Every structure is written in C-alpha cells, then in structure tokens.
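Residues 125 to 475 (the numbering used here) make up the sequence shown, in order.
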Amino acid sequence: MPVISASHEFEVSDLFVNLQPIFGHRLFLKVEGFNFAGSIKLKAAREMVARAEAAGLLGPGSTLVESSSGNMGVALSVLAAARGYGFVCVTDSRCNEATRRAMESYGTEVHVITEPHPVEGFLGARIRHVRALLAEDERRVWLNQYLSPGNWMAHYRTTAPAIARQFPDLTVLFVGAGTTGTLMGCARYFRERRPSVRVVPVDSVGSVTFGAPPAPRHIPGLGTSVRPPLLDDSLVELPVHVEERDTVRTCRELMRGGFLFGGSTGTAVGGALRWLDEHHGDGAGGVRERVTAVTIAPDLGERYLDTVYHDEWVARAIGPEGLLPGVDRTGLGAGAGAGAGADAGLHAVTG
Ligand SMILES: Cc1ncc(COP(=O)(O)O)c(C=O)c1O
C-alpha cells in the first residue's frame, strides 16, 4: 500500500472488469473511480494545474475558475484544497446534487446556471459566465479544460499506456466523449504506438460533438452543446451514439451484475456492445469472432443514486422506457434484452 501526503497522489490505475460474464463479448472495463475525486477527471485536473504552476500562471493567492458538468469541478476542488487555491465552479442544473454538495464541502463556490444559451446550450451559457467572472478579478485563473493540452496529455501519458500494457492483443478501444480529453489522449497514443487499434468514440444522442443535431440531455459527463475544440476526428473511427434510455438500462444491467457505475459508463458500455454486435456479432446475440475490446468507466455510481438509479427520476426525465429491463441489442427481440422491445435506440452516425 502506498503512503501519501496529498490526496491527489493516490489512484487505482490498473483495475479492469471483465464484462464477458454479463454481456458475452470479450469486453473489459477500465475502472477510473477509485481516487479521492471519485473520477477520471482527477488526472486531467492534476496535469492542467501542474502545467499552470510550472508556467507561473497559478500561484499563491490565485483563484481557479472552471466550467464543469461536475466531475472536473470535484477534481479541482480536491486540488484547490490541497494546494491552497480558491475555486469557483460554474456548472448547470444537470449537475448531480451530491456532486455539487461535495464541491461545496471542499470550500468551492458553486454557480449553477439554470438557463441554456439559445444557440450554444448550457455549455455556451456556462462559458459566458466564466468570462464574466474572469473580467471581474485578475487573480482568477481559467485553466479551460475545453482547450488545455494538459487535458488530453494526462490520458496520453497514463490512461492509454495502462490499457496497452494490460492488453497486448487489443483490437478496439471505446471512449466516451465529453471534452474529448480522454478520447484524444488515447487516440494519439494508439495512433503513434499501435496503429492497428481502432479507437471508437461513444457519444450521447442529442450531443453535437460529431455533427449530430442537438437535443435535450439529462445525464452529465458525456456529450456537449458546442463542438469540443480538442477534437480531431481524423484520428478516430466513426462515433456510436447512445440514447439516454439505453444508458440507464445498461447502467442497471451492470448493477444487477454487482457493479454500480456512473451514467457515462452505461453510455460507453452500451455503445461498445452495439458496435461489437454490428461488427463482430452473429446477428442472434452471439459472438462471430474473437476480438479484445476495452472501454472506460469514468466514475462510480453513488452520486447517481438520485438520478440514473432512481425510478421516479428516470420515468420523469428519460421516460418509462428507461425502466425496462436490459437492452435488446440484436434487434430481434431476443438475447440480453428479451422482453425489452426491438428498438435498441443506438445510432451510428457519420462524424
Ligand atoms: C462521468 C464522466 N464521464 C465522461 C466524461 C468525459 O471525459 P472527457 O471530458 O475526457 O471527454 C466526463 C467528463 O467530465 C465525466 O465527468
């Protein structure tokens, strides 16, 4: 066991769950929620803060300002507490209450945006609020996770090599896309070191990241209302888009297998299974050929007990289909989603 003196020094970086017993495909899930921030965003936050300190942009008396759907906010709250900075987090009404309260407990000032910008949605409104806060006080520093190279570099240096080490025979890696920091760090690493690995983005239906039309979304983490500036889609495959009802149903399938993960894990796993069925399935819920696939669980499920795992919230926000057991991924009304109806609700779209 390591001995640490700052909370951000600890993380579990080599834990994978074999999902084959639950879903049939040879799909492994890299678990990123075991650190003091509870999510993968601690890595990006650590790298961005270290770079800003090294460049002299951040130091004693600074106050960080950042726009976040929640997890980056918690990660920066942890770092700000450890390093003695102030922190103002700008989030929106989709942020889980438990996440907001965690940030406030660390001493973070949380501003919740309740009205989306008419064209650029909640993200556009959050960014405008950040700019107004910066204009008020020059001690405020915006690391800007949507632009900072530290965001993708963290995954190029840690997440991707850990996956490559564990799976020398990796065929395909599925990565959920929010800011696309995780996606671009992994895509650059595999493009350079192991170009045969296919890197497939997974996004939510309603997100504009890969050029699809905007629509309301309720689950934080993945998807965006403004195209992420970090994204270079020439480095990745065509994306898979997942409906929120299938995100919820996949989360609940994982939970019935004993694994309580956050909402975006349901999206990533749901998208991965759909893609694997289409590319390597036998058309009847079975597996045609052996591939080794990995996807990433950015956080754990406790903060989602009042949303993804709460029947009334699901019925109200997502609709009653979110409560059906399992997802029919064969399109034949059989297999994992027997009785769940034939529409899997997952769409592959052109990037
Ligand atoms: C729960 C969760 N999943 C996925 C992501 C997406 O990661 P990235 O911003 O690296 O694309 C985030 C980002 O905030 C997240 O909080």
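Glycine included, each C-beta is placed from N, C-alpha and C at the ideal position. All of these numbers come straight from a predicted model, not from anything done at the bench.
Set against 8 angstroms, the gap from the CB of Pro344 to the closest heavy atom of ligand 1 is smaller.
Distance from the CA of Arg252 to the CA of Gly305, rounded to the nearest whole angstrom, comes to 21 angstroms.
In the structure shown, the three-state DSSP call for Leu307 is helix.
Residue range Gln144 to Phe147 is occupied by the alpha helix (DSSP H) that includes Phe147. Beyond the five residues adjoining it in sequence on each side, Gly185 comes within less than 7 angstroms, by CB distance, of Arg263 in the same chain, given in chain order. DSSP places Glu190 within a strand segment (E or B) once states are collapsed to three. In the assembly as shown, Gln144 is an exposed residue. Its beta-carbon has fewer than 16 other beta-carbons within 10 Å. Take the alpha-carbon of Phe211 and the one of Asp423: they are about 22 angstroms apart. Phe134 and Trp266 have their C-alpha atoms roughly 25 angstroms apart. Remark: fewer than three beta-carbon pairs, one from each stretch, lie closer than 8 angstroms, so the stretch 331 to 340 and the stretch 275 to 286 are not flagged as touching. Taken in chain order, the complete beta strand (DSSP E) segments of 3 residues or longer contained in the stretch 293 to 360 are 296 to 300 and 322 to 328.
Nearest C-alpha to Gly390 among Arg373, His403 and Ala256: Arg373.
Remark: three or more beta-carbon pairs, one from each stretch, lie closer than 8 angstroms, so the stretch 195 to 209 and the stretch 222 to 236 are flagged as touching. DSSP places Thr419 in the strand class (E or B) of the three-state scheme.
Residue range Glu368 to Arg380 is occupied by the alpha helix (DSSP H) that includes Cys375.
In terms of side-chain proximity, the C-beta atom of Pro422 is found nearer than 8 angstroms to a non-hydrogen atom of ligand 1. In the three-state reduction of the DSSP assignment, Asn268 falls in the coil class. In this structure, Ala417 lies near His149, with their beta-carbon atoms less than 9 angstroms apart. Your pair Arg427 and Ala222 checks out as a contact, with CB atoms roughly 4 angstroms apart and the cut at 8 angstroms.
With contacts defined as CB atoms closer than 9 angstroms, Ser272 and Arg369 fail to qualify as a contacting pair.
When Cβ pairs closer than 8 angstroms are counted between the two stretches, the stretch 351 to 361 is seen to touch the stretch 301 to 316, the count reaching three or more. Look at Ser129 here: in three-state DSSP terms it is coil, with no helix or strand label. Spanning the alpha carbons of Glu413 and Val321 requires a straight line of approximately 16 angstroms. Here Glu177 carries a helix assignment [DSSP, helix/strand/coil].
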